[in-house]
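S.K.: In UniProt numbering, the protein residues as written are 1 to 332. Just so you know, even glycine gets a beta-carbon here, dropped at the ideal spot from N, CA and C. Once you've had a glance at the structure underneath, I'll fire off some questions.
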């Protein structure tokens with residue numbers, strides 16, 4: 001896949017440029033009434049942008065049914081999208097996959113609200129692998145094994161998932177950043193919408209909240225050509241080879257079935273492993289039967305019963321919940 005580097009992070013030249021990335025980092029002005037969706041690629045960006053659009057329109061689906069998602073919520077780091085963002089009236093919804101170190105510096109002096117969506121890295125990896133099949137920059141598709149190594153080493157678009165998450169979680173004490181997981185949205189969309197509304201200072205009552213939940217469902221979005229990216233030019237993404245919105249769920253194929261499924265051409269990725277530990281060098285170590293992801297020297301992410309993003313060393317006991325001063329316990 002064709003990439004260029006900007007400050008040691010990989011980007012695709014099809015939609016990015018050094019000039020745009022530099023402008024966004026150093027000159028782009030976030031407004032106090034902006035709401036920004038922050039997420040590593042394939043972590044629920046489109047879903048969250050749809051939810052925010054429905055909240056800001058008080059549950060009226062006409063906006064999401066008439067205006068393409070990338071015009072309602074443009075990605076500020078993409079060349080064409082930046083121009084849309086600069087022209088959109090306030091209050092704006094903005095999207096970005098940028099790591100914190102490349103995010104607009106104006107944020108530090110802004111009241112703009114950030115909704116940071118996190119997703120289990122196993123499923124990010126799976127979703128990204130399939131997504132790349134349709135991307136026009138992916139002429140040299142890797143094997144599953146090669147892509148896994150690229151992902152673990154951070155040699156993919158937008159860099160390391162681990163560094164990305166760590167950088168944003170370090171900002172968790174700021175009152176204008178809200179964290180939520182893809183898994184929470186899946187398990188309790190209505191409850192998640194209520195939390196997001198509270199963060200935004202919005203109050204939605206019935207039937208408005210029901211309209212938000214209904215129209216932000218995966219099936220509604222997949223059937224909405226303004227949200228499913230079916231309008232995107234084939235010169236950028238070939239939807240005969242892959243879908244922007246594929247399944248809307250986490251994969252989790254048992255590891256002992258991976259070889260058989262791979263032979264049949266089904267779900268070649270299987271990261272529902274007993275243990276998936278990453279050292280500083282990102283070498284996978286499989287073995288113990290605890291179902292935990294350990295981000296050694298980065299923090300800890302316990303996937304068995306909850307997601308805990310704690311800026312700690314090592315891996316805590318799988319059954320031990322993180323205290324409030326060490327991280328954010330979230331049910332998976």
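#1: So, with DSSP's three-state summary, where would you put residue 18?
#2: Which same chain residues end up closer than 6 angstroms to residue 29 when comparing Cβ atoms and leaving out the 5 residues on each side of it in sequence?
#3: Does the distance from the C-beta atom of residue 74 to that of residue 95 stay below 8 angstroms?
#4: Tell me, please, whether the region 7–24 touches the region 48–66 by the rule of three or more beta-carbon pairs shorter than 8 angstroms.
#5: Checking 8 angstroms against the spacing of the C-beta atoms, do residue 41 and residue 129 come in under that value?
#6: Under 8 angstroms by Cβ, that's how I've got residue 176 and residue 114 pegged, so tell me the actual separation to the nearest angstrom.
#7: Per DSSP, residue 212 forms a beta bridge with which residues?
#8: Name, in chain order, the residues that DSSP records as bridge partners for residue 116.
#9: When the distance is taken between beta carbons, is residue 213 closer than 8 angstroms to residue 193?
#10: Would you kindly work out how many angstroms separate the C-alpha atoms of residue 58 and residue 207, rounded to a whole number?
#11: With respect to the alpha helix (DSSP H) encompassing residue 4, which residues constitute its N-terminal and C-terminal limits?
#12: What is the DSSP secondary structure of residue 191, counted as helix, strand or coil?
#13: Nearest to residue 56 by alpha carbon, out of 198, 225, 131, 44?
#14: What are the boundary residues of the alpha helix (DSSP H) that includes residue 86?
#15: Measuring CB to CB, does residue 178 end up less than 8 angstroms from residue 118?
#16: DSSP three-state call for residue 28: helix, strand or coil?
#17: Which of the three DSSP states, helix, strand or coil, is assigned to residue 143?
#18: Looking only at C-alpha atoms, which of 70, 101, 43 sits nearest to residue 186?
#19: At the level of alpha carbons, what is the spacing between residue 26 and residue 76?
#20: Shortest alpha-carbon distance to residue 80 belongs to which of 209, 16, 97?
#21: Pick from 125, 36, 91, 165: whose alpha carbon is nearest that of residue 146?
M.R.: Put simply:
#1: Position 18 of the chain shown, counted from the first residue, corresponds to residue 18. Here residue 18 sits in helix by DSSP.
#2: The residue you call residue 29 lines up with position 29 of the chain shown. Within the same chain, residue 29 has close Cβ partners 106.
#3: Against the chain shown, residue 74 aligns to sequence position 74. Against the chain shown, residue 95 aligns to sequence position 95. Yes. Within cutoff.
#4: No, the region 7–24 is not in contact with the region 48–66.
#5: Reading the chain shown from its first residue, position 41 is the one you call residue 41. Reading the chain shown from its first residue, position 129 is the one you call residue 129. No, they are not a contact pair.
#6: Within the chain shown, the letter at position 176 stands for residue 176. Within the chain shown, the letter at position 114 stands for residue 114. With 8 angstroms as the limit, residue 176 and residue 114 qualify as a contact, their Cβ atoms being about 6 angstroms apart.
#7: Numbered from 1 along the chain shown, position 212 holds the residue referred to as residue 212. Answer is none; residue 212 lacks a bridge partner.
#8: Here the question's residue 116 lines up with position 116 in the chain shown. As computed with DSSP, residue 116 is found in a beta bridge with 38, 179.
#9: Looking up residue 193 in the chain shown gives position 193. Looking up residue 213 in the chain shown gives position 213. Yes. Within cutoff.
#10: Within the chain shown, residue 58 is the residue found at index 58, counting from 1. Within the chain shown, residue 207 is the residue found at index 207, counting from 1. Their backbone Cα atoms lie some 10 angstroms apart in a straight line.
#11: Taking the chain shown and counting its residues from 1, the one referred to as residue 4 is at position 4. Boundaries for residue 4: no alpha helix (DSSP H) harbours it, while the beta strand (DSSP E) harbouring it runs 4–6, taken from the DSSP string.
#12: Start at 1 with the first residue of the chain shown, and residue 191 comes out as number 191. Looking at residue 191 - three-state DSSP - the assignment turns out to be helix.
#13: For the purposes of this step, residue 56 is taken as the residue at position 56 of the chain shown. Of 198, 225, 131, 44, the smallest CA-CA separation from residue 56 is found for 198.
#14: Within the chain shown, residue 86 is the residue found at index 86, counting from 1. Taken as a continuous stretch (DSSP letters only), the alpha helix (DSSP H) holding residue 86 covers 79–87.
#15: Numbered from its first residue, the chain shown carries residue 178 at position 178. Numbered from its first residue, the chain shown carries residue 118 at position 118. Between residue 178 and residue 118, the C-beta spacing is not below 8 angstroms.
#16: Taking the first residue of the chain shown as position 1, residue 28 is located at position 28. Looking at residue 28 - three-state DSSP - the assignment turns out to be coil, as it is neither helix nor strand.
#17: For this step, residue 143 is matched to residue 143 along the chain shown. The DSSP-derived three-state label of residue 143 is coil.
#18: If you number the chain shown from 1, residue 186 lands on position 186. The residue from 70, 101, 43 with its alpha-carbon nearest to that of residue 186 is 43.
#19: Position 26 of the chain shown, counted from the first residue, corresponds to residue 26. Position 76 of the chain shown, counted from the first residue, corresponds to residue 76. Going by the C-alpha atoms only, they are around 13 angstroms apart.
#20: Working through the chain shown from its first residue, we reach residue 80 at position 80. Nearest C-alpha to residue 80: 16.
#21: As a position in the chain shown, residue 146 is number 146, starting the count at 1. Of the candidates 125, 36, 91, 165, the one whose C-alpha sits nearest the C-alpha of residue 146 is 125.
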